[in-house]
Amino acid sequence: VLATTAELEAAAASGAFVQEVTSVQHYTDRLFKFRTTRPASFRFRSGEFVMIGLLIDGKPLYRAYSIASPSWDEELEFFSIKVPDGPLTSKLQLIQPGNAILMKKKPTGTLVNDALLPGKRVYMFSTGTGIAPFASLIRDPETYEKFDQVILTHTCREVAELKYGEELVEATRNDPLIGEYARDKLVHYTSVTREPFVRTGRITDLISSGKLFADLGVPPLDPAVDRGMICGSMDMLKDTKTLLEQAGLTEGANNKPGEFVVERAFVG
Ligand code: A2P
Numbered sequence: 003v004l005a006t007t008a009e010l011e012a013a014a015a016s017g018a019f020v021q022e023v024t025s026v027q028h029y030t031d032r033l034f035k036f037r038t039t040r041p042a043s044f045r046f047r048s049g050e051f052v053m054i055g056l057l058i059d060g061k062p063l064y065r066a067y068s069i070a071s072p073s074w075d076e077e078l079e080f081f082s083i084k085v086p087d088g089p090l091t092s093k094l095q096l097i098q099p100g101n102a103i104l105m106k107k108k109p110t111g112t113l114v115n116d117a118l119l120p121g122k123r124v125y126m127f128s129t130g131t132g133i134a135p136f137a138s139l140i141r142d143p144e145t146y147e148k149f150d151q152v153i154l155t156h157t158c159r160e161v162a163e164l165k166y167g168e169e170l171v172e173a174t175r176n177d178p179l180i181g182e183y184a185r186d187k188l189v190h191y192t193s194v195t196r197e198p199f200v201r202t203g204r205i206t207d208l209i210s211s212g213k214l215f216a217d218l219g220v221p222p223l224d225p226a227v228d229r230g231m232i233c234g235s236m237d238m239l240k241d242t243k244t245l246l247e248q249a250g251l252t253e254g255a256n257n258k259p260g261e262f263v264v265e266r267a268f269v270g
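Counting from 3, one number per residue, gives the positions in the sequence shown under UniProt numbering.
What follows is the structure, given as structure tokens:
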């Protein structure tokens with residue numbers, strides 16, 4: 003890894019790994035993906051997040067990032083927003099293959115299969131970079147063992163912002179390890195809110211109007227068989243959670259599995 007002495011010292015002082023960026027792909031002026039090497043000792047559950055950082059003015063600055071790669075992948079993948087004056091992302095968006103990043107050693111999070119009761123269908127509701135934890139979960143064989151149908155919804159402002167998810171689902175369906183399950187069970191449902199598209203509107207409106215269920219050809223949400231995972235902005239989480247609760251689903255946690263789980267898509 004091409005880390006500087008300062009980076010190595012910062013990592014050691016804050017209990018972090020130094021990892022090397024292996025690839026970077028920019029989707030729009032607001033979104034990009036990057037991949038890094040993975041420490042041999044680093045284990046995580048699909049859907050968890052980890053703290054990623056850079057040395058900024060000599061000090062390490064960390065933000066939470068969902069791990070987008072599956073737990074069997076030898077690299078790590080992250081999907082990030084770019085905030086022009088964001089303390090971390092204004093710098094992180096400039097990284098290139100060969101650069102070093104800092105990564106704290108302990109992953110955590112609630113968007114994990116363990117926090118959900120078994121069911122028939124799992125809905126993964128995402129907006130913007132909130133798709134990242136689901137990018138990991140839809141590539142985990144356990145998700146397909148646990149559910150008959152895996153419905154990934156992704157809503158963005160613009161059509162170009164859906165591209166990461168489209169490439170991801172296509173690659174997942176063609177994957178030698180899990181393609182067979184994904185082709186059978188994975189449904190990708192996209193919508194856009196700020197320009198014309200085949201489907202428009204916020205996911206909350208598509209749930210409330212019943213259009214989501216009509217389009218999918220499934221019955222409305224039922225706590226006996228349906229499970230939910232939600233990842234997006236604070237407002238999106240709150241509004242989607244309210245709709246799931248109105249349908250009778252109750253929130254779960256690692257120590258008490260339930261019918262849905264929630265995690266904020268981190269920004270900064
Ligand atoms: P909208 O364009 O109507 O604001 P962002 O990039 O700001 O996080 O937004 C990602 C997507 O989430 C956008 O399509 C946005 O719709 C949608 N969104 C924003 N707030 C909510 C909310 N409270 N409930 C559902 N969707 C939301």
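Where a beta carbon is used, it is the ideal one built from N, C-alpha and C, also for glycine.
Keep in mind that this is a model prediction, so the values were computed, not measured.
Who are the Cβ neighbours of residue i in its own chain at under 8 Å, not counting the five residues just before and after it?
{"i": "A102", "result": "V3, L4, A5, T6, E9, V20, Q21, E22, V23"}
{"i": "S73", "result": "R45, F46, R47, S48, S138, D142"}
With DSSP as the reference, label residue i as helix, strand or coil.
{"i": "P135", "result": "helix"}
{"i": "K243", "result": "helix"}
{"i": "P99", "result": "coil"}
{"i": "Y125", "result": "strand"}
{"i": "residue 1", "result": "This structure cannot settle anything about residue 1, because the visible part of the chain is limited to 3 through 270."}
{"i": "S210", "result": "helix"}
{"i": "V200", "result": "coil"}
{"i": "V227", "result": "coil"}
{"i": "T252", "result": "coil"}
{"i": "F215", "result": "helix"}
{"i": "V264", "result": "strand"}
{"i": "I140", "result": "coil"}
{"i": "G130", "result": "helix"}
{"i": "V114", "result": "coil"}
{"i": "V161", "result": "helix"}
If I follow the unbroken beta strand (DSSP E) through residue i, where does it start and stop?
{"i": "K84", "result": "Premise fails: K84 is in no beta strand (DSSP E) and is neither H nor E."}
{"i": "S25", "result": "18-28"}
{"i": "R37", "result": "33-39"}
{"i": "T145", "result": "No beta strand (DSSP E) contains T145, which is instead part of the alpha helix (DSSP H) from 143-148."}
{"i": "L56", "result": "51-58"}
{"i": "L10", "result": "From DSSP, L10 is part of no beta strand (DSSP E) but of the alpha helix (DSSP H) over 7-15."}
{"i": "T157", "result": "151-158"}
Within its chain, find whatever has a CB closer than 7 Å to the CB of residue i; leave out the 5 residues flanking it on each side and keep chain order.
{"i": "D150", "result": "K122, R123, K187"}
{"i": "R266", "result": "M236, L239"}
{"i": "S68", "result": "F51, A134, P135"}
{"i": "Q27", "result": "F34, K35"}
{"i": "T38", "result": "Q21, E22, V23, T24, E77, L78, I103"}
{"i": "T206", "result": "D241, T242, L245"}
{"i": "K107", "result": "G17, A18, F19"}
For residue i, does the count of other Cβ atoms within 10 angstroms reach 16, so buried, or fall short, so exposed?
{"i": "N115", "result": "buried"}
{"i": "P62", "result": "buried"}
{"i": "G212", "result": "exposed"}
{"i": "V200", "result": "exposed"}
{"i": "G60", "result": "exposed"}
{"i": "T145", "result": "buried"}
{"i": "residue 277", "result": "The first residue shown for the chain is 3 and the last is 270, placing residue 277 beyond what the model contains."}
{"i": "A173", "result": "exposed"}
Could you give the residue range of the alpha helix (DSSP H) that holds residue i?
{"i": "A66", "result": "Segment 61-68 is the beta strand (DSSP E) holding A66; no alpha helix (DSSP H) there."}
{"i": "R185", "result": "181-187"}
{"i": "R175", "result": "165-175"}
Give me, in chain order, the residues of the same chain whose beta-carbon lies closer than 6 Å to that of residue i; leave out the 5 immediate sequence neighbours on both sides.
{"i": "V171", "result": "H190"}
{"i": "residue 271", "result": "Since the first and last residues shown for the chain are 3 and 270, residue 271 lies out of range."}
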